[in-house]
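What follows is a short report on a single structure.
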Amino acid sequence: ARTDQSSSVEIDGRVWFLTVYNPPLDLAVVGAVHIAQPLSAMAQLAGYKVRVIDPRTAFATAERFPGMAILHDWPDEALAKAPLGRRSALVALTHDPKVDDPALTAALKSDCFYIGALGSKKTHAARRERLSQHGFSDAELDRIHGPVGLPLGARSPAEIAVAILAEMTLRLRPDTGAELHARPQA
Numbered sequence: 058a059r060t061d062q063s064s065s066v067e068i069d070g071r072v073w074f075l076t077v078y079n080p081p082l083d084l085a086v087v088g089a090v091h092i093a094q095p096l097s098a099m100a101q102l103a104g105y106k107v108r109v110i111d112p113r114t115a116f117a118t119a120e121r122f123p124g125m126a127i128l129h130d131w132p133d134e135a136l137a138k139a140p141l142g143r144r145s146a147l148v149a150l151t152h153d154p155k156v157d158d159p160a161l162t163a164a165l166k167s168d169c170f171y172i173g174a175l176g177s178k179k180t181h182a183a184r185r186e187r188l189s190q191h192g193f194s195d196a197e198l199d200r201i202h203g204p205v206g207l208p209l210g211a212r213s214p215a216e217i218a219v220a221i222l223a224e225m226t227l228r229l230r231p232d233t234g235a236e237l238h239a240r241p242q243a
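Following this note's numbering, the residues of the sequence shown are numbered contiguously, the last one being 243.
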């Protein structure tokens, strides 16, 4: 069921075909910034139910995020109403600690499979320091991927979104990712 693939399994000498009906994957995008637009669209194409969380109503609009659930609550309030689960990912994109940190706190307290946060290594170090003051251990803080996304050399918002979605997929399907890392580079 974790792989989202129906398959045959043998149990007590009998073969059974198990059909998997998992709930959709969930992506909480915190911050309706320029990177959030292509990330939301790409994630939706990849099968995620996307929710954009940003209390700033000027940024989080239906025109900028067509077809997406838009929540103008503060992230901790939005995530309390609809908590993150095992099939959830959270990506914090605002660079603003008063918006990102409550979202990251909620994610760290959940069993979501991916937590990412935009920012440089210096920004991420400061973020870790702030969150450690709230009682999170180094092991817990290691769950946050920051800088967010695989290091693909991405520059444009769409390229950064590809890097984020690729890293999310690698965390969602770690067995497949191990195969990719084992391939020789061309």
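In this text, a Cβ means the ideal position worked out from N, Cα and C, and glycines have one as well.
My output table needs one value for residue i: the three-state DSSP class, helix, strand or coil.
{"i": "Glu120", "result": "coil"}
{"i": "Ala103", "result": "coil"}
{"i": "Ile201", "result": "strand"}
{"i": "Val109", "result": "strand"}
{"i": "Ser145", "result": "strand"}
{"i": "Pro65", "result": "Note that residue 65 is Ser in the sequence shown, not Pro. It is a strand residue."}
{"i": "Ala98", "result": "helix"}
Which first and last residues belong to the beta strand (DSSP E) in which residue i is found?
{"i": "Asp83", "result": "82-87"}
{"i": "Val72", "result": "71-75"}
{"i": "Ile217", "result": "Looking at the DSSP string, Ile217 is not in any beta strand (DSSP E); the run it does join, the alpha helix (DSSP H), is 214-229."}
{"i": "Ala126", "result": "126-128"}
{"i": "Ala174", "result": "171-174"}
Based on Cα-Cα distance, which residue from the options lies nearest to residue i?
{"i": "Ala89", "options": "Asp199, His191, Pro214, Asp83", "result": "Pro214"}
{"i": "Val87", "options": "Ala211, Pro95, Val156", "result": "Val156"}
{"i": "Ala149", "options": "Gly124, Lys138, Thr180", "result": "Thr180"}
By Cβ distance below 8 Å, which residues in the same chain neighbour residue i in space, the five residues on each side in sequence not counted?
{"i": "Ser65", "result": "Val72, Trp73, Phe74, Leu75"}
Excluding the five sequence neighbours on either side, which residues of its own chain have a C-beta within less than 6 Å of the C-beta of residue i, listed in chain order?
{"i": "Pro112", "result": "His129, Trp131"}
{"i": "Gln101", "result": "Val107"}
Does residue i have its Cβ less than 8 Å from a Cβ in chain D?
{"i": "Asp199", "result": "Of the chains in the structure shown, none is chain D; there is only one protein chain."}
Run the proximity test for residue i: is its beta-carbon closer than 7 Å to any non-hydrogen atom belonging to the ligand HEM?
{"i": "Lys179", "result": "The ligand HEM is absent from the structure shown, which contains no ligand whatsoever."}
Between which two residues does the alpha helix (DSSP H) carrying residue i extend?
{"i": "Val156", "result": "154-165"}
Near residue i, what residues of its chain come up, given a Cβ to Cβ distance below 7 Å and the 5 sequence neighbours on each side ignored?
{"i": "Ala218", "result": "Ile92, Pro95, Leu96, Met99"}
Applying the 10 Å Cβ sphere with the 16-neighbour rule, what's the burial state of residue i?
{"i": "Ile172", "result": "buried"}
{"i": "Val109", "result": "buried"}
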